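I have placed the structure first, in the form of structure tokens, so that the comments after it can refer back to it.
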Amino acid sequence: MSEAHFLPSLAACAVDINSQMHRGIATYRMLTGVPPADADTTIDSHLDRHVLASILAAATMDGGSLPEKAGLSGLELVALLEQYFPTLEIKLAKQLSAFKCEEHDEIAMLRDLLLKQRSTEGDIGHWLAAMIARRAIEPGHLWEALGLRNRGELSRLLSRHFAPLAARNFNNMRWKRFFYRMLCENEGLVMCTTPVCNQCDDFNLCFGEESGESRMAERRRDFLLQAARPVVAGDWPSELPQRSAIAQSSEKASPDLVSRAGR
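Take the sequence shown: its position 16, counted from the start at 1, is 16 in full-length UniProt numbering, and no numbers get skipped.
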């Protein structure tokens, strides 16, 4: 079931009639009233709202079912929108409430890991744990899959809502890699054969730079470039990035458990 069936007003406003590249930015603007580049996250409550809008925007960019891509049930999505984006009308709450995400073992394990390490009260911790766990199975850096502007926003978010877990990443390992290392340790598995990280040939897989252009900034740039030249039928780039192959390193753990840990 597509997102248009759940949130017709959201989809209608977010999808540019000539190109779906503008969908993520349009969704974010409709939720917050500003483009993602102008978001003010100086206080924690603003950061929370920015992160939720960014994840929903990134999920709409992927197409398909919005609740599934965001990692929430329909009922949870309705509650999130009503609490954090009350100006957005939800006319199909009953239909949304009926949607339930299928349980995925890998997502459930990461969600439960995050839930056990919560450091804030309220619904948002539950929603973020589910959303982060779902978006972690997408390719690329985790902050990119969440639609955030940089890795620093993700680090701040995790330190705020999942402080005990975030504090364990004292060596500044890539967050996705770190999460799956924690899962492996909980299961008694060994991810690496090298006892000291700085002696490992795959050091950059765990600690390499996580810079780059955010997904929505990239879409905005491509949209503006496309608007600046004549449109030729069939020349729009593919909306979905190709799923990258998971790097094969010296890991000995179960491939199902560490399959997403490459980035």
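We treat Cβ as the ideally placed atom computed from N, Cα and C, and that holds for glycine.
Treat the numbers as computed from the prediction; the structure is a model and nothing was measured.
For Gly234, which residues from the same chain have a beta carbon less than 8 Å from its beta carbon, with the 5 sequence-adjacent residues on both sides left out? For the purposes of this step, residue 234 is taken as residue 234 along the sequence shown, with counting starting at 1. Reliability fails at Gly234, whose pLDDT of 39 lies under 50, so the model's placement of it is uncertain and the value that follows must be treated cautiously. Result list for Gly234: empty, nothing under 8 Å.
Would you check if the region 115-133 and the region 158-172 touch, i.e. whether three or more CB-CB distances between them fall below 8 Å? Touching, yes, given that three or more Cβ pairs across the two stretches are closer than 8 Å.
If you follow the alpha helix (DSSP H) that Ala133 is in, where does it begin and where does it stop? For this step, residue 133 is matched to residue 133 along the sequence shown. From DSSP, the alpha helix (DSSP H) with Ala133 extends over Asp123 to Arg135.
To the nearest angstrom, how far is the alpha carbon of Arg111 from that of Ala130? Numbered from 1 along the sequence shown, position 111 holds the residue referred to as residue 111. Numbered from 1 along the sequence shown, position 130 holds the residue referred to as residue 130. It is roughly 5 Å from the alpha-carbon of Arg111 to the alpha-carbon of Ala130.
So, with DSSP's three-state summary, where would you put Gly74? Taking the sequence shown and counting its residues from 1, the one referred to as residue 74 is at position 74. Reduced to three states, the DSSP call for Gly74 is helix.
If you count every other CB in all the chains shown that lies within 10 Å of the CB of Ala37, and 16 or more means buried, which is it? One-based indexing of the sequence shown puts residue 37 at position 37. So Ala37 ends up on the exposed side.
What number of angstroms, rounded off, separates the C-alpha of Leu88 from the C-alpha of Leu72? Counting from 1 along the sequence shown, the entry for residue 88 is found at position 88. Counting from 1 along the sequence shown, the entry for residue 72 is found at position 72. Looking at the two C-alpha atoms, the distance is approximately 18 Å.
Please list the terminal residues of the continuous alpha helix (DSSP H) segment that includes Pro164. In the sequence shown, residue 164 corresponds to position 164, counting from 1. Per DSSP, Pro164 belongs to the alpha helix (DSSP H) from Ala163 to Ala167.
If we count the other Cβ atoms within 10 Å of its Cβ and call it buried at 16 or more, is Pro67 buried or exposed? Within the sequence shown, residue 67 is the residue found at index 67, counting from 1. If you draw a 10 Å sphere on the C-beta of Pro67, you find 16 or more other C-beta atoms in it, and that means buried.
Which residues in the same chain as Phe178 place their Cβ atom closer than 6 Å to its Cβ, once the five residues preceding and following it in sequence are excluded? Locating residue 178 in the sequence shown gives position 178, where the first residue counts as 1. Sequence-distant partners of Phe178 (beyond 5 residues in either direction) whose C-beta falls short of 6 Å from its own C-beta, in its chain, are Asn169.
Under the rule that 16 or more other beta-carbon atoms within 10 Å means buried, what is Thr60, buried or exposed? Within the sequence shown, the letter at position 60 stands for residue 60. Residue burial annotation: Thr60 is buried, with at least 16 other C-beta atoms found within 10 angstroms of its C-beta.
In the structure shown, what three-state DSSP assignment does Phe170 receive? Mapped onto the sequence shown, residue 170 falls at position 170. Secondary structure at Phe170: coil, using DSSP grouped into helix, strand and coil.
Whole alpha helix (DSSP H) runs in the region 21-70 with 4 or more residues, listed along the chain? Listed in chain order, they are 23-32, 44-61 and 66-70.
Since Ile124 and Asp48 are thought to touch, with beta carbons under 8 Å apart, how far apart are those beta carbons, to the nearest angstrom? Here residue 124 corresponds to residue number 124 of the sequence shown, with the count starting at 1. Here residue 48 corresponds to residue number 48 of the sequence shown, with the count starting at 1. The Cβ separation is near 6 Å, so the contact holds.
Using the three-state DSSP reduction, which class does residue 272 fall into: helix, strand or coil? A query on residue 272 cannot be resolved here, the shown segment of the chain reaching from 1 to 263 and no further.
Measuring alpha carbon to alpha carbon, tell me which of Pro139, Lys176 and Ala39 ends up nearest Ser155. Taking the first residue of the sequence shown as 1, we reach residue 155 at position 155. The residue among Pro139, Lys176 and Ala39 with its C-alpha nearest the C-alpha of Ser155 is Lys176.
Residue span of the alpha helix (DSSP H) that contains Leu88, given as start and end: Translated into the one-based positions of the sequence shown, residue 88 becomes position 88. Premise fails: Leu88 is in no alpha helix (DSSP H) and is neither H nor E.
Do Gly33 and Ala57 have their CB atoms nearer than 7 Å? Indexing the sequence shown from 1 puts residue 33 at position 33. Indexing the sequence shown from 1 puts residue 57 at position 57. No, Cβ-Cβ distance for Gly33 and Ala57 is not below 7 Å.
Unbroken alpha helix (DSSP H) run spanning Arg111, endpoints: As a position in the sequence shown, residue 111 is number 111, starting the count at 1. Its alpha helix (DSSP H) spans residues Asp105 to Lys116.
According to the Cβ coordinates, are Leu157 and Val51 closer than 7 Å? Position 157 of the sequence shown, counted from the first residue, corresponds to residue 157. Position 51 of the sequence shown, counted from the first residue, corresponds to residue 51. In contact: Leu157 and Val51 (Cβ atoms closer than 7 Å).
Given that a residue counts as buried once 16 or more other Cβ atoms are within 10 Å of its Cβ, and exposed if not, what is Glu82? As a position in the sequence shown, residue 82 is number 82, starting the count at 1. That one is exposed.
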